[in-house]
Amino acid sequence: MEGVDRRVVVIVVVMTSFLTPFASSSFNIALPSISKEFGLDAITMSWASLAYLLASAMFLVPFGRLADIYGRRRVFLYGTLAFSISAMLLGVYPSSSTIIMLRALQGISSAMIFGTGVAILV
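Going by the working numbering, the sequence shown opens with residue 961, and the numbers climb by one from there.
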């Protein structure tokens, strides 16, 4: 991290590490409203939450290893970008299958962020 202020790196990593679970929790709080708005049943909406958790748990260790190979900064930035894009797309697509797919993408990208955030700070 030559040439980069250490404080900026800490702030970015801490903010991203806070916003990722915050976005996930806010989605879970909004589940009843989303289900009512789009006419989705409880089972479909539970898959939306479960897709995030499963993808995040499955990909945490593999992305940690990929970060060791390709660089922590690169994996962290791609994870942040993928999480942001999937969060924006969630507001646009109303179909249940797309919601589940985008939540899985958010889980994968959060694994990229969680797997590298602490390692960047060390």
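The C-beta atom is built at its ideal place from N, Cα and C for all residues, glycine as well.
Endpoints, the alpha helix (DSSP H) within which Y1038 is located: It spans 1032-1050 - the alpha helix (DSSP H) in which Y1038 sits, taken as one unbroken run.
Can you say whether S985 is buried or exposed, counting buried as having 16 or more other CB atoms within 10 angstroms of its CB? exposed
V969 to L1049 span [Cα, whole Å]: 27 Å
Which residue from Y1038, V1052, S1069 puts its Cα closest to that of P981? S1069
Residue from A1064, Y1038, A1002, I1003 whose Cα sits closest to the Cα of A1017: A1064
By the 10 Å Cβ neighbour count, where 16 or more other Cβ atoms means buried, how is L1041 classified, buried or exposed? The Cβ neighbour count for L1041, taken over all protein chains shown within 10 Å, is under 16; the residue is labelled exposed.
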